[in-house]
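The listed protein sequences derive, respectively, from chains A and B.
Using our numbering, the first residue of the first sequence is number 12, and each one after it goes up by one.
Using our numbering, the first residue of the second sequence is number 12, and each one after it goes up by one.
Yeah, the Cβ is synthetic: ideal placement off N, Cα and C, and Gly gets one too.
No experiment lies behind these values; they were computed from the predicted model shown.
Below: one structure, written as structure tokens.
2 protein chains.
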Amino acid sequence: MPETDEKLAAMRHSLAHIMAAAVQRLKPEAKFGVGPAVENGFYYDIDLGETKLSEEDFGKIEAEMRKIISEDQPFERLEKPVDEAIAWARESGQPYKEELLNDLKRSGTTVAKDLNAEEMGTIAGGDAAVDSVSFYKNGDFTDLCRGAHVESTGKVGAFKLLRVSGAYWRGNEKNPQMQRLYGAGFFSEDELKRHLEMLEEAKKRDHRRLGQELDLFVFSDMVGAGLPLFTPRGTILRDQLLGFSEELQRAAGFQKVAIPHITKQVLYEKSGHWDKFGDELFLVKSQETSDQFVLKPMNCPHHAQIYAARPRSYRELPIRYMESTIQYRDEKKGELNGLSRVRAISIDDAHVFCALEQIEAEFTSIMNMIKDMYGVLGMKFSARLSFRDDSDGYLGDPTSWEKAQKTIEDVAKKLDIDYFVEEGEAAFYGPKIDIMVTDALGREWQCATEQLDFVQPERFGLTYVDAEGTEKQPVMIHKALLGSFERFLAVYIEHTAGRFPTWLAPEQIRVITVNQEDPTVECANKLVEQARQLGLRIEIDNSNESVGKKIRAAEVAKVPYSVVIGEKEITSGEVMPRVRSDIKVQGNGQPVGIEQFLKTVANEAKSRVHKTSLHG
Amino acid sequence: MPETDEKLAAMRHSLAHIMAAAVQRLKPEAKFGVGPAVENGFYYDIDLGETKLSEEDFGKIEAEMRKIISEDQPFERLEKPVDEAIAWARESGQPYKEELLNDLKRSGTTVAKDLNAEEMGTIAGGDAAVDSVSFYKNGDFTDLCRGAHVESTGKVGAFKLLRVSGAYWRGNEKNPQMQRLYGAGFFSEDELKRHLEMLEEAKKRDHRRLGQELDLFVFSDMVGAGLPLFTPRGTILRDQLLGFSEELQRAAGFQKVAIPHITKQVLYEKSGHWDKFGDELFLVKSQETSDQFVLKPMNCPHHAQIYAARPRSYRELPIRYMESTIQYRDEKKGELNGLSRVRAISIDDAHVFCALEQIEAEFTSIMNMIKDMYGVLGMKFSARLSFRDDSDGYLGDPTSWEKAQKTIEDVAKKLDIDYFVEEGEAAFYGPKIDIMVTDALGREWQCATEQLDFVQPERFGLTYVDAEGTEKQPVMIHKALLGSFERFLAVYIEHTAGRFPTWLAPEQIRVITVNQEDPTVECANKLVEQARQLGLRIEIDNSNESVGKKIRAAEVAKVPYSVVIGEKEITSGEVMPRVRSDIKVQGNGQPVGIEQFLKTVANEAKSRVHKTSLHG
């Protein structure tokens, strides 16, 4: 961790303690779970019995926090034997801390697999059972904690409480529900202010709200949580985005295949995914046979079966199978969130089967597709190169790993990609590149990925015959350009605030009639017909509302272009298009012939640009 | 049943008895199951213990059958009290007959739900427990049987034993496996001969064999039975066929939606499908939550949820949702057969939500799509109009039914469709049209369907507000043009013997090089590049084989066009295309400029015709 990041984390973690101390002052009965520093701030999980915190309580808690800060209490570290610590927890009425301490005593932090990395950081270190644990104390407040902290409560920068939400103790539905109190924390008031403004903007752009307003997707209680149903408009976005991905892949020699969504369990036992996915797998029961089936959580083993269906020659390689298909993962209900986290995940997935010496060309080709895709989408990205470290647990020949990692880094350099290497972050089966995309609010999202796989070809016994007639093992490359389409769409709706570029817009042009009679309606219908011939998505608003109201409705629907049809347009054959403000158009505000206008928009959509000239 | 059909069935059923009698003479230990008349012939399920019948035994059995026929034994009907019949079965060592008789005694034929209609017909009638049962006797052979039979064994026309296969007693894997002995039976030797020739041709065209030879789809033991994996070539057929269906629907105002493959069980409890599908449903278990999920066996309830997600106005109707998506049905393993019967079924499904007065226009529009589709596919069809009868069990208002049935028949008349009405064949939820397509071998297949549904809108409480502001209930129309894509592909592979028309052919042109050096290879590559620019699917055979062998390989792969590139072609810029024999081409056998050739093929593909002119 760079030094500033470390300082920021210590400050945020100290704010978590200060918040807990403040809550304890106000509600002495509070029982505490864990309270880590997180991105942009901190939280603490608190059990207050029947008492529910709400935003109305934030002022009081913040005031108490400010008192503690002005008292400038030093953070003191103390070490206690684990049994003494357990006795302390029992006496102080902190059952959650007691449970954690018992776990630590028994088997160290490894037992607490259900806590995430941030949460782990708050309690203690070590993989083995521990003898003693560390505490931090400020004023009256003592907490089981590994640190680090700032020197004293006076040194914590700017903060603000943001929200409170339910969280099961250790993330498990069967455990008691606690209240997770979130705050933002930054070095300066300025940074905090910018962050709060960003949050305000993000709220306006919330994809769940825009998804409903723009009629893109719906959820149904009867279908189930995390299972979106895409409306006609949402399906256009889906088809256009996945279609663009497919187009890029097809140009690079990828071929479409089609697989079912289920498989017998044995396929995953063979591939090794059975153990890896565990509880995340949806199990499928046949009532007719005793076969145990599973909903596919990924597509590679199915694709490997197509490869394996007949002998392969080096002449056929690389073989590249692509398919945009839904995979299913049984995410925890509490973690489901609009389209950001779903159980039915559409991936623009593909798998390359190739010789080791072909990976440079393949990685280059895939990286070029990623550049093309995010170039068109207008989003910056950086690449995280996840390589192995010296630890055990990586499968496959170390020389191949080394060669592959060098190749991957060479490709990133050659293509002038903004990248960084993280050692020890590789998958056990091979090194990978994850693409981190930055949205308009400055948030980073992991989207595209390219992963090398030495293991699956081995496990499935995949082979090809080389030029000398020798049987060889291919390597596999897993790749996705958008990654999860659902998550990408969530990101992209918020990135664009729903103002989709013309090629993606579910409705590209809206025709507004000034009255509901011929020749107006006739002219409008003719325009619609012409536009559809050009492949444009056009709708007509022939309702009995005022023109002003209809124009406003087109703006709310964020339609790129709208044209009003009245007497002048009928006579002149020219329209005065209203252009959505984010679209750069030359010659805007001047009348243009209907055919010329439609052709221009059709070309804009076809070329997927976000700027155009209405006058040729 | 028309009189000839009745006579044919009696004759075939008599042949089943004669075959069983012959087997009993040869193998007195034989235990018999059921032996019905079926399409084109008859079968009998026989348990011979460890003895396995094979085609080598057919001659002997046929000779014995001929003896029985020449003995011209009369078929005598006798009635026995059921207890006496049970005693007879026990004494004759016929445990399967004994089991059936016990069932009949207990609760009539309704208990034997696991037997199909033909099988039922062989044993007895009635829905309630029976007191007496009928037998038929010819010579030494007596069989529990409802009839009818021909007068005597001499009156059975022409027959031939065809094959023997395994069949579980009552279709249940847990029961003993018997041997199902099949024969063909016709009035005349001529008809039998024609049928055997058809079978011979069907064998050559078997889609399972051609599917492998043409590399269209594969199965994997690890994925599971009935779950095809489509290779790149098969996926082209899939995309082209489903894409054509989508194109026709889009032109008729259908909009694509996208739904997940699972749902909570409660959706089907509400829709009524939970009871209807029973064992055919794949149950999906979440390990994270207690929700019970199901793999969707149809799409309508999901689509109804999209409709129901917001209030609807009459102005929006008809709302037409289409989606080509896989649905899952847990078919019995023994009934799975190549692509003809699978567990993962891709349907070009759609649902129209409309007012009752709109169904004429919608049925007309859908019927026109069906005409267009099968016109292009070059297959004749007739329509079965399945209407209600006077019995109970049909839901919805009788006046609406009557009106709807009249409308449907009017549409069929108006569009000059070859149709017939079957009363009593409607679904409980509404009348329907099933399209019976005839293949090149004269076999009939049910493919497209249009079904009216008065019930689901009611169950889901779907509404719209009409012009007067009143809340009304829409009707639903279910439709599919191809039906199950997998089954259609099986039919179409056999219909065309794998000689797909150019628009569908996975590989449309093959380029054959006379040597592996420039300028030949350069010229071939340039041609390939030009062809791909035109959207053509073209492959190059640059292998080190003789030109003759390469031409032969292109023929085996049933590629519509192949061109040889050698010195003459390079110099002249003209090629002499080899055209697959079923494609009607004007100007075949004359050289043609490369560009002209490629444009012609591209136009042929684009227009989906099956004939073309190479010389403009």
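Could you work out which residues of chain B lie near residue i, taking near to mean beta carbons separated by less than 9 Å?
i	result
TYR339 of chain A	PRO271, HIS272, ILE273 and VAL295
ARG249 of chain A	LYS267 and ALA269
LEU388 of chain A	Neighbours of LEU388 of chain A on chain B: none; closest Cβ ~20 Å, over 9 Å.
Compare the C-beta of residue i against all C-beta atoms of chain B and say whether one is closer than 7 Å.
i	result
LYS124 of chain A	Any reading at LYS124 of chain A must be qualified, since the residue scores a pLDDT of 42, below 50, and its modelled position is unreliable; the value itself is stated next. Chain B contact via Cβ: absent.
ASN127 of chain A	Reliability of the predicted coordinates at ASN127 of chain A is poor, the pLDDT of 47 falling under 50, and no value is obtained from them.
GLN316 of chain A	yes
ALA263 of chain A	no
ALA613 of chain A	no
Since residue i meets chain A, which of its residues come closer than 7 Å, beta carbon to beta carbon?
i	result
VAL277 of chain B	MET233
LYS281 of chain B	MET233
LEU259 of chain B	Those do not exist, as LEU259 of chain B stays about 15 Å from chain A at its closest Cβ, beyond 7 Å.
LEU225 of chain B	Ordered by position in chain A, no residue passes the 7 Å Cβ test against LEU225 of chain B, which lies about 12 Å from the chain.
Examine chain A for any beta-carbon lying closer than 7 Å to the beta-carbon of residue i, and answer yes or no.
i	result
VAL49 of chain B	no
MET30 of chain B	no
LYS343 of chain B	yes
THR303 of chain B	Going by the sequence as given, residue 303 of chain B is Gln instead of Thr. So, not an interface residue.
ALA616 of chain B	no
ALA478 of chain B	no
ALA320 of chain B	yes
From the DSSP secondary-structure annotation, give me the bridge partner or partners of residue i.
i	result
MET447 of chain A	A:SER393 and A:GLN457
VAL49 of chain A	A:GLY52
ILE330 of chain A	A:PHE364
LYS42 of chain B	B:ASP58
VAL432 of chain B	B:LEU396
ALA355 of chain B	B:TYR339
ARG191 of chain B	B:ASP56 and B:SER176
GLY441 of chain A	A:ALA438
Identify the contact partners of residue i in chain A, using a Cβ-Cβ distance below 9 Å as the criterion.
i	result
GLN298 of chain B	GLY289, ASP290, GLU291, LEU292, PHE293, LEU294 and ASP341
LEU659 of chain B	This structure leaves residue 659 of chain B out entirely; chain B is present only between 12 and 627.
LEU473 of chain B	Result: empty, since nearest Cβ-Cβ is about 13 Å, beyond 9 Å.
For residue i, return the contacting residues in chain B, with the cut-off set at a CB-CB distance below 7 Å.
i	result
HIS313 of chain A	VAL234 and LEU240
LEU396 of chain A	Within chain B, no residue comes near LEU396 of chain A; the closest Cβ sits about 31 Å away, beyond 7 Å.
In chain A, which residues lie less than 8 Å from residue i when you measure between Cβ atoms?
i	result
ALA355 of chain B	PRO271, HIS272 and ILE273
Below 8 Å on C-beta distance, what does residue i contact in chain B?
i	result
LEU538 of chain A	In chain order: nothing, as chain B lies at least about 18 Å away.
Fill in: Positions along the segment 229-246 of chain B whose CB lies within less than 7 Å of some CB in chain A
VAL229, SER231, MET233, VAL234, GLY235, LEU238, LEU240, PHE241, THR242, PRO243 and THR246
Worksheet item: Which residues, taken in chain order from the segment 491-520 of chain B, show a beta carbon closer than 7 Å to some beta carbon of chain A?
Response: Per Cβ criterion, the list is empty.
Item to complete: Give a yes or no on contact between the segment 291-298 of chain A and the segment 312-332 of chain A, applying the rule of three or more CB pairs nearer than 8 Å.
Response: no
Practice prompt. Identify each residue in the segment 183-196 of chain B for which the Cβ-Cβ distance to at least one residue of chain A is less than 9 Å, and report them in chain order.
Written response: GLU184
Practice prompt. Count the CB pairs spanning the segment 519-534 of chain B and the segment 466-481 of chain B that are closer than 8 Å, and state whether there are at least three.
Written response: Taking a cut-off of 8 Å for Cβ pairs, the segment 519-534 of chain B and the segment 466-481 of chain B do not touch, as fewer than three such pairs fall below it.
Worksheet item: What residues from the segment 206-217 of chain B come within 8 Å of chain A, judged by C-beta to C-beta, listed N to C?
Response: Result list empty, no residue passes.
Worksheet entry | Stretch-stretch touch, CB-based, cutoff 8 Å, three pairs: the segment 165-183 of chain B with the segment 32-40 of chain B | No: the two stretches stay apart, fewer than three of their Cβ pairs being nearer than 8 Å.
Item to complete: Pair every Cβ in the segment 210-224 of chain B with every Cβ in the segment 331-351 of chain B, then say whether three or more of these pairs are closer than 8 Å.
Response: yes
Discussion item. Whether or not the segment 364-372 of chain A and the segment 234-248 of chain A are in contact is what I'm after, with contact meaning three or more pairs of Cβ atoms, one per stretch, closer than 8 Å; do they touch?
Written reply: The segment 234-248 of chain A makes no contact with the segment 364-372 of chain A, as fewer than three CB pairs between them are under 8 Å.
Discussion item. I'd like to know if the segment 73-83 of chain B and the segment 198-216 of chain B are in contact, where contact means that at least 3 CB-CB pairs between them fall below 8 Å.
Written reply: Under the three-pair Cβ rule at 8 Å, the segment 73-83 of chain B does not count as touching the segment 198-216 of chain B.
Discussion item. I'd like to know if the segment 86-100 of chain A and the segment 68-78 of chain A are in contact, where contact means that at least 3 CB-CB pairs between them fall below 8 Å.
Written reply: no
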